[in-house]
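S.K.: Once you've had a glance at the structure underneath, I'll fire off some questions.
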Amino acid sequence: MHGLASEIFPFCRSITGDGVRETLRRLKLDLPLEIHEVPTGTQVFDWTVPKEWNIRDAWVKDPTGRKVIDFSESNLHVLNYSRPVHGRMPLAELDAHLHTLPRQPDAIPYKTSYYKESWGFCLSHAQRESLSDGEYEYHIDSSLEDGSLTYGEVYLPGRRKEEILFSAHVCHPSLANDNLSGIVVLHHLADWLAEIDRAWSYRFVFAPGTIGAITWLAQHQERLEGIQYGLVIAGVGDRGGFTYKRTRRGDSEIDLLVKRALRESGSSFELVDFTPDGYDERQYNSPGVRLAMGRLSRTPYGTYPEYHTSGDDLDFIRPESLSGALEVLLRVCSLLETSPRFENLSPRGEPQLGRRGLYSALGGHRDSDERERAMQWILNYSDGEHCLADIAERSGLRLQILEDVANTLVENELLDLLGEA
Amino acid sequence: MHGLASEIFPFCRSITGDGVRETLRRLKLDLPLEIHEVPTGTQVFDWTVPKEWNIRDAWVKDPTGRKVIDFSESNLHVLNYSRPVHGRMPLAELDAHLHTLPRQPDAIPYKTSYYKESWGFCLSHAQRESLSDGEYEYHIDSSLEDGSLTYGEVYLPGRRKEEILFSAHVCHPSLANDNLSGIVVLHHLADWLAEIDRAWSYRFVFAPGTIGAITWLAQHQERLEGIQYGLVIAGVGDRGGFTYKRTRRGDSEIDLLVKRALRESGSSFELVDFTPDGYDERQYNSPGVRLAMGRLSRTPYGTYPEYHTSGDDLDFIRPESLSGALEVLLRVCSLLETSPRFENLSPRGEPQLGRRGLYSALGGHRDSDERERAMQWILNYSDGEHCLADIAERSGLRLQILEDVANTLVENELLDLLGEA
Amino acid sequence: MHGLASEIFPFCRSITGDGVRETLRRLKLDLPLEIHEVPTGTQVFDWTVPKEWNIRDAWVKDPTGRKVIDFSESNLHVLNYSRPVHGRMPLAELDAHLHTLPRQPDAIPYKTSYYKESWGFCLSHAQRESLSDGEYEYHIDSSLEDGSLTYGEVYLPGRRKEEILFSAHVCHPSLANDNLSGIVVLHHLADWLAEIDRAWSYRFVFAPGTIGAITWLAQHQERLEGIQYGLVIAGVGDRGGFTYKRTRRGDSEIDLLVKRALRESGSSFELVDFTPDGYDERQYNSPGVRLAMGRLSRTPYGTYPEYHTSGDDLDFIRPESLSGALEVLLRVCSLLETSPRFENLSPRGEPQLGRRGLYSALGGHRDSDERERAMQWILNYSDGEHCLADIAERSGLRLQILEDVANTLVENELLDLLGEA
């Protein structure tokens, strides 16, 4: 995953344009990913798809003609969505277009101006301080034209029509944790899911933050009912422990499943309640949408110094952190795939387990056996409201045992698997 | 407020009669107060408006002809609602009509016999002990005749038809904390509210305890639906910290607002759950009425020695305690007036805040900004179920910021203020 | 109760057969108990009533012809539901039919094979170890034939049609705590209830575990709606404190009443949440039945070494433990009988208590009187959702006072007793 992150790190992603397109094309090499283009001007809920931004080159030359800022060295150097400009002006005047972080003098900030036409350069405060006065030449070879917003979607149909949604934002340029980490982890998760026989259908949305999620929601309104719940993945590459932000409902099945997966993974983690800020969980949990979408991150965004700076580079994300996040998601998906929801077909009293050989006909066991309790829990709670992992969380019984027992009960026509086509 | 309390302290209030009438007339000098007379015999729910009681004089003379008990010194000396009597009897016989507090030998108790015809005198136990045997002359120049029950009502219409109800009992004679404190605080609150441009409509009920509240409820049955919630104010003049008794529902908006106001006021306070005893919150929260009425008091009634004795006098209540209570209510009303309930008009995903200039179009702020979070909280929770102060309590964000942001969102047609005409 | 337990201890109870029949006949001597026979082959939900098992004699003789195992000494010696056999085989071969408890070498285990035809003997491990090799003669004079399953039912009609259900399993042979303790305690409870004028109707089910409860449920489907809630009684004779397992709902009125009764009894007790294992509460709380049935036990089954062994004998159960359990149930029934549910007939405001003489017309009591608060609590909470014991639990007021006050309120036509015919 770290290798894939390295490959796509240099692409100059934004909310539209070739950087996103290149990124998605790279993902498409390994995945059944559909790339959707939504034309500039399309109305998406309250928003309008903006003009497409592309950039080829950008630089600033000092009075001696030396390039002191060069887009080819880091695409963070350009204020994202800068309009094309070329000219000369004294440093004092140019200064209004230079963005730095005085408190982190060695870091280049990441800045954007998506919805207000502007232009500018970002550089380290140390470099800014070293510039001497004089006439500077500046050049941004960009375009802001009618085009489209691009998002990628992987749909992996399963035996159930109900979908589990995963979403990662793809709009930031050379920032590794935010959100190459989410992209590459979901890429690998989708790759893994594509190969298995799926009980659930899965949908992966790789879209620019905010406008991309909103575009996707607007174009899938009729599909939202079919989405069971899902997760936003962002910022999972740093060294920190996990932070799981619950869905707005707070006790959606996905909240239980992620909790279980985190515990099973042995990672340190913290569970936090929903707040309407953050990444695209804002859109998915908005009052007119109400999808139950949690978010898996490591260190919360905005709380680490590298956030939205050149410090969020490929060294900042750790292969083991990425694989740890993938592992948690694989555990969630394993739970999802293997943790079915049943209907007890013999709900009045207990069914006769003995005549079906379901426990040794030789009764009188001294200790209450976990397997027997598993049967009892499953039969009692299989009223359509509790999946097996939910029952596991309630009962404290091992999921393995519960699964095993449930399969036996299905074979014996005591349970009917809900949701299978 | 203490001055007003001093003015009305001497009036011999009861559940009917001129004492209440005089009190209300005094309040009417400053307030648009309507005085209602409900005739004796009127059926009010399960009750009947009783005969009107008035008293001009009352005394007891000892065997030497000296007035040992004199109504003109304290109206507590007469058992409230005593019928007219005049006669002589030996002290041993008169004793059945003398009420004292042996455990508080210097205090005159406050006693009533509203619904059972009786007569009697109240005096300090010390004085009772000092009386020598012999023939005593007693005299009560009162009347118990068909008349009316009097209550006062201030209605302050606002832009919303929904009313906030404040209620104070006015039946007790010369007791300062119970409930001149509530009367004068509500008098000042009404005075203040009368001057402002009101979002909500307010109704103040100054009525005798129990029978007065019931009479008011019975005569306003068709209006009860329009009452959002409210507060009973009683016993807010002593030195103690506040006690807020929640509505029966326990999580009504008024409960949150009072909690917020108390915290903001910096006063010490305790929150207690509803119980069906106490003052007129009993009537308002009764099962056939179900108004959400909390009660603000200081030291709980019945737990201070001055309660229902001559010790509850003008020295017992403190100007700073009265003004502290008024301050809390002003804070509650400020919250009410400024803490609207909105409907998110763009509930699917987030609306495009940037194109409306709602936050700097220059994105990429490093820290999550409180104002931005405020927008997110308001937009996400403006589903009609959460007013702004509720959102403030949930989010921990400053109400000032939330209000500011909400106004902006309204201007931008992203929110619709619910409840405005 | 211990004497009755001693009388029925020797009967060889099983899920069918004369042991149960004899047990029920003994109970019928004192109780209006109906004995029901449900023929072999009857379909009861998912189950079929099995063949009836009876046994007259069983033994094993060692190579010298000495009886080393003798059913007449303990009916635990035979694997319950053993088919008739007679023959000879070497000890090594017979061993497959011998059941012991190596960890409790002196105890005879209790073993069954109800639904799989089998035969066997149970003996102490010490005895097994002492047997010398050689040819053994074995003999089981039993029968497994079409017959019936027998259960007993006591129905005690009350003024209300709604029934309270008590259930004890009667299938185990000479085990005292499991469940002669439950049988004799319910026997005495039924005896006591039979003598009183009952507000509620009561039903006692003495049935074999699992199949008996299921048979009863299957044959009373149309009656289940009329069952308010109930209790399973099992394992209440040992020295341990009480364990009360809540109904699946967890806050059913019976859960509150048992909690109250346990507290009042002064016994040590623990409250545990419902789990779908255990005794017949499994059947009653199954998803297609959903009766609110808690379970009262002492030491939880399976956690004491004597469980399902010859150690669970008449010495293991204590007269004082049995009477302690009976006392708790009598308390529960007393609460049930005396803790009615009312409708406030004057729910708008408080009714006028004074004119009815409901409290001293002489007002102004200094302390809030418990009786007055009781009136207020009852009137406020008598909305059909709270019985008097529930109100007692909420208010912390004494039930005696609440009852007294409620009776007065009924007499004054302020309350209507709900549920009376």
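Protein chains in written order, with this note's numbering: chain R, 1 to 421; chain H, 422 to 842; chain Z, 843 to 1263. Beta carbons are placed, not taken as given, at the ideal position from N, Cα and C, and that holds for glycine.
Would you grab the beta carbon distance between residue 1128 of chain Z and residue 350 of chain R for me? Rounded to a whole angstrom, and I think it's under 8 angstroms.
M.R.: As a working note, residue 1128 of chain Z is residue 286 in the third sequence. As a working note, residue 350 of chain R is residue 350 in the first sequence. Correct: roughly 6 angstroms between the Cβ atoms.
S.K.: Find the residues of chain R that neighbour residue 768 of chain H, judging by a C-beta separation of less than 7 angstroms, and give them in chain order.
M.R.: Locating residue 768 of chain H in the second sequence gives position 347, where the first residue counts as 1. Going along chain R in sequence order, the residues near residue 768 of chain H (Cβ under 7 angstroms) are 286, 287, 288.
S.K.: Provide the residue span of the alpha helix (DSSP H) that contains residue 796 of chain H, from first to last.
M.R.: Within the second sequence, residue 796 of chain H is the residue found at index 375, counting from 1. Element bounds for residue 796 of chain H: 791-802.
S.K.: Taking all protein chains shown into account, decide if residue 726 of chain H is buried (16 or more other Cβ within 10 angstroms of its Cβ) or exposed.
M.R.: Taking the second sequence and counting its residues from 1, one reaches residue 726 of chain H at position 305. Residue 726 of chain H should be labelled exposed.
S.K.: Of the residues Z/1078, Z/1054, Z/1100, which one's Cα is nearest the Cα of residue 1327 of chain Z?
M.R.: In the structure displayed, chain Z extends from 843 to 1263; residue 1327 of chain Z sits before or after that span and is not available.
S.K.: Taking 8 angstroms as the cut-off, decide whether the C-beta atoms of residue 686 of chain H and residue 662 of chain H are in contact.
M.R.: Counting from one through the second sequence, the residue named residue 686 of chain H turns up at place 265. Counting from one through the second sequence, the residue named residue 662 of chain H turns up at place 241. Contact flag unset, no.
S.K.: Give, in chain order, every residue of the stretch 381-397 of chain R whose Cβ lies closer than 8 angstroms to some Cβ of chain Z.
M.R.: Those residues of the stretch 381-397 of chain R that come within reach of chain Z (Cβ to Cβ, closer than 8 angstroms) are 381, 382, 383, 395.
S.K.: Return helix, strand or coil for residue 525 of chain H, following the three-state DSSP convention.
M.R.: As a working mapping, residue 525 of chain H is identified with position 104 in the second sequence. Note: residue 525 of chain H maps to coil in three-state DSSP.
S.K.: In whole angstroms, give me the CA-to-CA distance for residue 489 of chain H and residue 613 of chain H.
M.R.: Position 68 of the second sequence, counting from 1, holds the residue named residue 489 of chain H. Position 192 of the second sequence, counting from 1, holds the residue named residue 613 of chain H. Spanning the two alpha carbons is a distance of roughly 45 angstroms.
S.K.: Residue 971 of chain Z to residue 941 of chain Z, Cα distance in whole Å?
M.R.: Start at 1 with the first residue of the third sequence, and residue 971 of chain Z comes out as number 129. Start at 1 with the first residue of the third sequence, and residue 941 of chain Z comes out as number 99. Their backbone Cα atoms lie some 12 angstroms apart in a straight line.
S.K.: Measure the alpha-carbon distance for residue 655 of chain H versus residue 1161 of chain Z and round it to whole angstroms.
M.R.: As a position in the second sequence, residue 655 of chain H is number 234, starting the count at 1. As a position in the third sequence, residue 1161 of chain Z is number 319, starting the count at 1. If you take the alpha carbons of residue 655 of chain H and residue 1161 of chain Z, they lie about 58 angstroms apart.
S.K.: When DSSP labels each residue in this structure, what does residue 891 of chain Z get in the three-state scheme?
M.R.: Walking along the third sequence from the start, residue 891 of chain Z turns up at place 49. Residue 891 of chain Z falls in the coil class under three-state DSSP.
S.K.: What does residue 732 of chain H touch in chain R if you count any residue whose Cβ is under 9 angstroms from its own?
M.R.: As a working note, residue 732 of chain H is residue 311 in the second sequence. By Cβ distance, chain R contributes nothing, its closest Cβ being about 50 angstroms from residue 732 of chain H, past 9 angstroms.
S.K.: Interface residues of chain H around residue 47 of chain R at Cβ under 7 angstroms?
M.R.: For the purposes of this step, residue 47 of chain R is taken as the residue at position 47 of the first sequence. Those are 773, listed as they occur along chain H.
S.K.: If contact means a Cβ-Cβ distance below 9 angstroms, which residues of the stretch 197-212 of chain R contact chain H?
M.R.: Here the close residues are 210, 211.
S.K.: List the residues of chain R whose Cβ lies closer than 7 angstroms to the Cβ of residue 993 of chain Z, in chain order.
M.R.: Numbered from its first residue, the third sequence carries residue 993 of chain Z at position 151. Near residue 993 of chain Z there are no residues of chain R at all, since even the closest Cβ is about 14 angstroms away, more than 7 angstroms.
S.K.: Is residue 352 of chain R helix, strand or coil when you go by DSSP?
M.R.: Your numbering for residue 352 of chain R matches position 352 in the first sequence. Coil, per DSSP.
S.K.: Going by CA-CA distance only, name the one from H/559, H/604, H/617, H/621 that's closest to residue 585 of chain H.
M.R.: Here residue 585 of chain H is taken as the residue at index 164 of the second sequence, counted from 1. Residue H/621 is the option with its Cα nearest to residue 585 of chain H.
S.K.: Between residue 792 of chain H and chain R, is there a C-beta pair that is closer than 8 angstroms?
M.R.: Within the second sequence, residue 792 of chain H is the residue found at index 371, counting from 1. For residue 792 of chain H, the answer is no, since every Cβ of chain R falls outside 8 angstroms of its Cβ.
S.K.: Taking residue 457 of chain H and residue 574 of chain H to be in contact with their CB atoms under 8 angstroms, please state how far apart those CB atoms are, rounded to whole angstroms.
M.R.: On the second sequence, position 36 is the one that residue 457 of chain H refers to. On the second sequence, position 153 is the one that residue 574 of chain H refers to. 6 angstroms between Cβ atoms; contact.
S.K.: Give the secondary structure of residue 593 of chain H by DSSP, where H, G and I count as helix, E and B as strand, and everything else as coil.
M.R.: Working through the second sequence from its first residue, we reach residue 593 of chain H at position 172. Here residue 593 of chain H sits in coil by DSSP.
S.K.: Buried or exposed for residue 609 of chain H, please, with buried defined as at least 16 other CB atoms from any protein chain shown within 10 angstroms of its CB.
M.R.: Mapped onto the second sequence, residue 609 of chain H falls at position 188. It is buried - the Cβ of residue 609 of chain H has at least 16 other Cβ atoms within 10 Å.
S.K.: Write down every uninterrupted run of the alpha helix (DSSP H) in the stretch 930-984 of chain Z whose length is 4 residues or greater and which is fully enclosed by it, in chain order.
M.R.: You should have 933-936, 967-972.
S.K.: Anything in chain R within Cβ reach of residue 1059 of chain Z, meaning under 7 angstroms, just list it in chain order.
M.R.: Within the third sequence, the letter at position 217 stands for residue 1059 of chain Z. Result: 348, 349.
S.K.: Could you check whether the Cβ of residue 516 of chain H sits closer than 8 angstroms to any Cβ belonging to chain Z?
M.R.: Walking along the second sequence from the start, residue 516 of chain H turns up at place 95. No, because no Cβ of chain Z sits closer than 8 angstroms to the Cβ of residue 516 of chain H.
S.K.: Can you give me the Cβ contacts of residue 202 of chain R inside the same chain, cut-off strictly under 6 angstroms, excluding the 5 residues immediately before and after it?
M.R.: Taking the first sequence and counting its residues from 1, the one referred to as residue 202 of chain R is at position 202. Taken in chain order, the residues that qualify are 156, 164, 193.
S.K.: The alpha helix (DSSP H) that contains residue 322 of chain R, what's its start and end?
M.R.: Against the first sequence, residue 322 of chain R aligns to sequence position 322. Run containing residue 322 of chain R: 319-338, per the alpha helix (DSSP H) assignment.
S.K.: Excluding the 5 residues preceding and the 5 following residue 837 of chain H in the sequence, name in chain order all residues of the same chain whose CB lies nearer than 8 angstroms to its CB.
M.R.: As a first step, residue 837 of chain H is located in the second sequence; it is residue number 416 there, counting from the start. Closer than 8 angstroms at Cβ, skipping near neighbours: 763, 764, 766, 831.
S.K.: For a minimum of 4 consecutive residues, which ranges assigned as the alpha helix (DSSP H) are wholly contained in the stretch 1055-1107 of chain Z?
M.R.: Entirely contained in the stretch 1055-1107 of chain Z, the alpha helix (DSSP H) runs reaching 4 residues are, in chain order, 1095-1107.
S.K.: If we ignore side chains and look at the alpha-carbon of each, how far apart do residue 326 of chain R and residue 168 of chain R end up?
M.R.: Indexing the first sequence from 1 puts residue 326 of chain R at position 326. Indexing the first sequence from 1 puts residue 168 of chain R at position 168. If I take the Cα positions, the gap works out to 13 angstroms.
S.K.: Step through the CB atoms of chain H and report whether any lies within less than 8 angstroms of the CB of residue 304 of chain R.
M.R.: Residue mapping note: residue 304 of chain R aligns to position 304 of the first sequence, counting from 1. Not one chain H Cβ lies under 8 angstroms of residue 304 of chain R.
S.K.: Give the interface partners of residue 957 of chain Z over in chain R, defined as CB-CB distance under 8 angstroms, in chain order.
M.R.: Working through the third sequence from its first residue, we reach residue 957 of chain Z at position 115. Here the neighbours are 352, 354, 355, 361.
S.K.: Are the C-beta atoms of residue 895 of chain Z and some chain H residue less than 8 angstroms apart?
M.R.: Position 53 of the third sequence, counted from the first residue, corresponds to residue 895 of chain Z. Taking Cβ atoms only, chain H never reaches closer than 8 angstroms to residue 895 of chain Z, which makes this a no.
S.K.: According to DSSP, is residue 1124 of chain Z helix, strand or coil?
M.R.: Within the third sequence, numbered from 1, the residue matching residue 1124 of chain Z stands at position 282. Helix.
S.K.: Does residue 283 of chain R have its Cβ less than 8 angstroms from a Cβ in chain H?
M.R.: By one-based count along the first sequence, residue 283 of chain R stands at place 283. For residue 283 of chain R, the answer is yes, since a Cβ of chain H falls inside 8 angstroms of its Cβ.
S.K.: Just to confirm my understanding: we take residue 545 of chain H, look at its own chain, exclude 5 residues before and 5 after, and list those with CB closer than 7 angstroms. What are they?
M.R.: By one-based count along the second sequence, residue 545 of chain H stands at place 124. Result list for residue 545 of chain H: 521, 526, 527, 528, 529, in chain order.
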